[in-house]
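Enquirer: Add 717 to the 1-based position in the sequence shown for this note's numbering, that's all there is to it.
Don't be surprised by glycine CBs; every beta carbon is placed ideally from N, CA and C.
Here it is, the structure in full.
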Amino acid sequence: MQKIIGWCGLVVVLSLLSGTHTLAQDTALVSLPPATRLEGLTLIHQDINRCSAAALSIQLSYYEDGIAYTEAIAALNPHNEDVSVRLDEMAAFARSRGLGAIDRVGGTPELLKTLVANGFPVLIENSYYDGADYQRDWMSHNRIVMGYDDATQQFYTFDPLLGAGEDRLGRAIPYADMDERWRPFNRDYLVLYRPEEEATMRAILGDSWDALTNAEIALAQSQAELDAGGYDSFTLFNLGSSYALLGRYADAATAFDQARTNGLPWRMFWYQYGALEAYYHSGRYDDVLTLARDVIAATPGVEEVYYYAGLAYEAQGDMIRAQGNYEVAAWRNPTFSAAVTGLSRLRGDTMVGG
């Protein structure tokens, strides 16, 4: 990722469109206008491999005075080699600042428009690549959706790498391009809201407010793509991810096997861990270790794969290697509670904590 965004130096902050923004305070949702853009966000240019902290800080700027970027890096990227941040980590950071936060999968362009129209900027995970070799150059990138225009068929975004457009009112991305870039991540999204806005958020998300129901919705979304002939690696991978969220690990493992056979970008497992979860719960410990080693060989900065390697070694009875992997995961991210718990379990600690 350094090759792509190495030109981003120190933090550059550009305040845009000052003034207050009004949000729906009850469940009377705003009807979708043909176009809208949210005001009151602050553009933050990311440092190397820090798009998550920067994008989340842009989203937080809608709700807070000041800039949370430095604090976000300290919380989300405690090790300088960290190359990936999960949406649930970002949600936890937002909650620590007194906001509500919900991350889900199976989003749609219509949902993005509904959220924005009701006053909620949305953080989504997108594909980003710079070069002719898609498989080689593909990577994850986070941006904030803060507007749309049905007439031009474009979303508008604040992007910590690519900016906010020439007019500084949002960088335009065609609807179809946005969805195609969003799809490899099971169309995941993170929305923040003030506590008093929870009823509005529940009304917008509907059945997806419940995590398991949301996973069923995402599963149906991928199955519909397969039924329509969209039999590609990303759809198969999304199918596996949704099965894993539902605890249907055998089905998930089969879908992940098909996606891997079909071919995936080499960085795929830097950002998504459903396959590791599915293989572990299916007793396929060697497959867990193979995937973990592949990631570590490319970059040491994904603490999650050390954690899953620790689980696999522990299941195989190799407690020395299991403890070593938990130690690395917890050292790289002391707030990674699952790794800390695993380490404490093997050490026989009477108290589990950081």
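What would DSSP say about Leu740, mapped onto helix, strand or coil?
Expert: Reading the sequence shown from its first residue, position 23 is the one you call residue 740. At Leu740, the pLDDT of 35 sits below 50, so the modelled position is not reliable and the matter cannot be decided from this model.
Enquirer: Count Cβ pairs between the region 818-837 and the region 854-864 that sit closer than 8 Å; are there 3 or more?
Expert: Yes: the two stretches touch, three or more of their Cβ pairs being nearer than 8 Å.
Enquirer: Assign Ile841 to buried or exposed, taking buried as 16 or more other Cβ atoms, counted over all protein chains shown, within 10 Å of its Cβ.
Expert: Within the sequence shown, numbered from 1, the residue matching residue 841 stands at position 124. Counting Cβ neighbours within 10 Å, Ile841 comes out buried, since at least 16 surround it.
Enquirer: Can you have a look at Ile761 and say buried or exposed, based on whether 16 or more other CB atoms are within 10 angstroms of its CB?
Expert: In the sequence shown, counting from the first residue as 1, residue 761 sits at position 44. When all chains shown are included, Ile761 counts as buried.
Enquirer: Which stretch, first to last residue, makes up the alpha helix (DSSP H) that contains Ala1039?
Expert: For this step, residue 1039 is matched to residue 322 along the sequence shown. Taken as a continuous stretch (DSSP letters only), the alpha helix (DSSP H) holding Ala1039 covers 1036-1049.
Enquirer: Taking buried to mean at least 16 other C-beta atoms within 10 Å of its own C-beta, is Thr1067 buried or exposed?
Expert: For the purposes of this step, residue 1067 is taken as the residue at position 350 of the sequence shown. Caution is warranted here: a pLDDT of 44 is assigned to Thr1067, below 50, making its placement in the model unreliable, and no coordinate value can be reported.
Enquirer: In the DSSP assignment, the beta strand (DSSP E) including Ile861 goes from what residue to what residue?
Expert: The residue you call residue 861 lines up with position 144 of the sequence shown. It spans 856-866 - the beta strand (DSSP E) in which Ile861 sits, taken as one unbroken run.
Enquirer: Check this for me: beta carbons of Ser778 and Leu758, under 8 Å apart or not?
Expert: Within the sequence shown, the letter at position 61 stands for residue 778. Within the sequence shown, the letter at position 41 stands for residue 758. Cβ atoms of Ser778 and Leu758: closer than 8 Å.
Enquirer: Return the residue from the list Phe951, Ala969, Arg814, Arg767 that minimises the CA-CA distance to Glu781.
Expert: Mapped onto the sequence shown, residue 781 falls at position 64. Nearest C-alpha to Glu781: Arg814.
Enquirer: Which residues bound the alpha helix (DSSP H) around Asn979?
Expert: Here residue 979 corresponds to residue number 262 of the sequence shown, with the count starting at 1. 966-979 is the extent of the alpha helix (DSSP H) around Asn979.
Enquirer: For Ala806, count neighbouring C-beta atoms within 10 Å of its own C-beta (all shown protein chains included) and say buried if the count is 16 or more, exposed if not.
Expert: By 1-based counting over the sequence shown, the position of residue 806 is 89. Per the sequence shown, the amino acid found at residue 806 is Glu instead of Ala. By the 10 Å Cβ count, Glu806 comes out buried.
Enquirer: Using a 10 Å radius around the Cβ and a threshold of 16 neighbouring Cβ atoms, would you call Ala1039 buried or exposed?
Expert: Taking the first residue of the sequence shown as position 1, residue 1039 is located at position 322. Counting Cβ neighbours within 10 Å, Ala1039 comes out buried, since at least 16 surround it.
Enquirer: For Gly817, which residues does DSSP report across the bridge?
Expert: Here residue 817 refers to the residue found at position 100 of the sequence shown. Answer is Tyr910, bridged to Gly817.
Enquirer: Exposed or buried, what is Gly823 when buried is set at 16 or more other beta-carbons lying within 10 Å of its beta-carbon?
Expert: Here residue 823 refers to the residue found at position 106 of the sequence shown. By the neighbour-count rule (16 or more Cβ atoms within 10 Å), Gly823 is buried.
Enquirer: Could you compute how far the alpha carbon of Gln938 sits from the alpha carbon of Ala1032?
Expert: The count along the sequence shown starts at 1 and reaches residue 938 at position 221. The count along the sequence shown starts at 1 and reaches residue 1032 at position 315. Rounded to whole angstroms, Gln938 to Ala1032 spans 34 Å at the Cα level.
Enquirer: Using 7 Å as the cut-off, classify the Cβ of Leu909 as near or not near the heavy atoms of the ligand MG, replying yes or no.
Expert: This structure lacks the ligand MG; in fact it carries no ligand of any kind.
Enquirer: May I ask you to list the residues that DSSP assigns as paired with Tyr1025?
Expert: Numbered from 1 along the sequence shown, position 308 holds the residue referred to as residue 1025. Paired residue(s): none; Tyr1025 is not in a bridge.
Enquirer: Determine the extent of the alpha helix (DSSP H) in which Thr831 is found, giving its start and end residues.
Expert: On the sequence shown, residue 831 is found 114 positions in, with the first residue counted as 1. Where Thr831 is concerned, the enclosing alpha helix (DSSP H) stretches over 826-834.
Enquirer: May I have the straight-line CA-CA distance separating Cys725 from Tyr990, to the nearest angstrom?
Expert: As a working note, residue 725 is residue 8 in the sequence shown. As a working note, residue 990 is residue 273 in the sequence shown. In this prediction, Cys725 has a pLDDT of 31, which is less than 50 and means its spatial position is unreliable; what the coordinates show is noted afterwards. Cα-Cα distance, rounded: 28 Å.
Enquirer: Under 8 Å, do Tyr873 and Arg754 count as touching if we go by C-beta distance?
Expert: Numbered from its first residue, the sequence shown carries residue 873 at position 156. Numbered from its first residue, the sequence shown carries residue 754 at position 37. Closer than 8 Å, so yes.
Enquirer: In whole angstroms, what is the alpha-carbon distance linking Glu1044 and Gly1034?
Expert: Position 327 of the sequence shown, counted from the start, is the residue given in the question as residue 1044. Position 317 of the sequence shown, counted from the start, is the residue given in the question as residue 1034. Straight-line Cα distance between these residues: approximately 17 Å.
Enquirer: Excluding the 5 residues preceding and the 5 following Thr1016 in the sequence, name in chain order all residues of the same chain whose CB lies nearer than 6 Å to its CB.
Expert: Indexing the sequence shown from 1 puts residue 1016 at position 299. The residues are Val800.
Enquirer: Go ahead and pull the three-state DSSP assignment for Ile790.
Expert: The sequence position of residue 790 within the sequence shown is 73, counting from 1. Of the three classes helix, strand and coil, the one that applies to Ile790 here is helix, per DSSP.
Enquirer: Given this structure, state the Cα-to-Cα distance separating Ala1046 from Tyr1002, to the nearest angstrom.
Expert: For the purposes of this step, residue 1046 is taken as the residue at position 329 of the sequence shown. For the purposes of this step, residue 1002 is taken as the residue at position 285 of the sequence shown. Those two C-alpha atoms are separated by around 18 Å.
Enquirer: Go ahead and pull the three-state DSSP assignment for Glu756.
Expert: What you label residue 756 is simply residue 39 of the sequence shown in a count that begins at 1. Here Glu756 sits in coil by DSSP.
Enquirer: For Gly1041, tell me which candidate among Ala1055, Leu1060, Ala772 has the shortest Cα-Cα distance.
Expert: Sequence index remark: in the sequence shown, residue 1041 carries index 324 (1-based). The residue with the shortest Cα to Cα distance from Gly1041 is Leu1060.
Enquirer: Between Arg803 and Ser925, which are expected to be in contact by the criterion C-beta below 8 Å, what is the C-beta distance as a whole number of angstroms?
Expert: Stepping through the sequence shown from its first residue, residue 803 is reached at position 86. Stepping through the sequence shown from its first residue, residue 925 is reached at position 208. Going by Cβ atoms, the distance from Arg803 to Ser925 rounds to 18 Å, so no, they are not a contact pair.
Enquirer: For the alpha helix (DSSP H) containing Ile784, name the first residue and the last one.
Expert: Numbered from its first residue, the sequence shown carries residue 784 at position 67. Segment: none, Ile784 is in no alpha helix (DSSP H) and carries neither H nor E.
Enquirer: Counting beta carbon pairs with one atom in the region 973-987 and one in the region 939-955, are three or more of them shorter than 8 Å?
Expert: Touching, yes, given that three or more Cβ pairs across the two stretches are closer than 8 Å.
Enquirer: Out of Glu827, Leu907, Ala789, Phe810, which one is the CA nearest neighbour of Ser748?
Expert: Residue numbering aside, residue 748 sits at position 31 when the sequence shown is read from its first letter. Ranking Glu827, Leu907, Ala789, Phe810 by Cα distance to Ser748 puts Glu827 first.
Enquirer: Quick check on Gly1065: buried or exposed, where buried means 16 or more other Cβ atoms within 10 Å of its Cβ?
Expert: To locate residue 1065, count along the sequence shown from 1; it is residue 348. It is exposed - the Cβ of Gly1065 has fewer than 16 other Cβ atoms within 10 Å.
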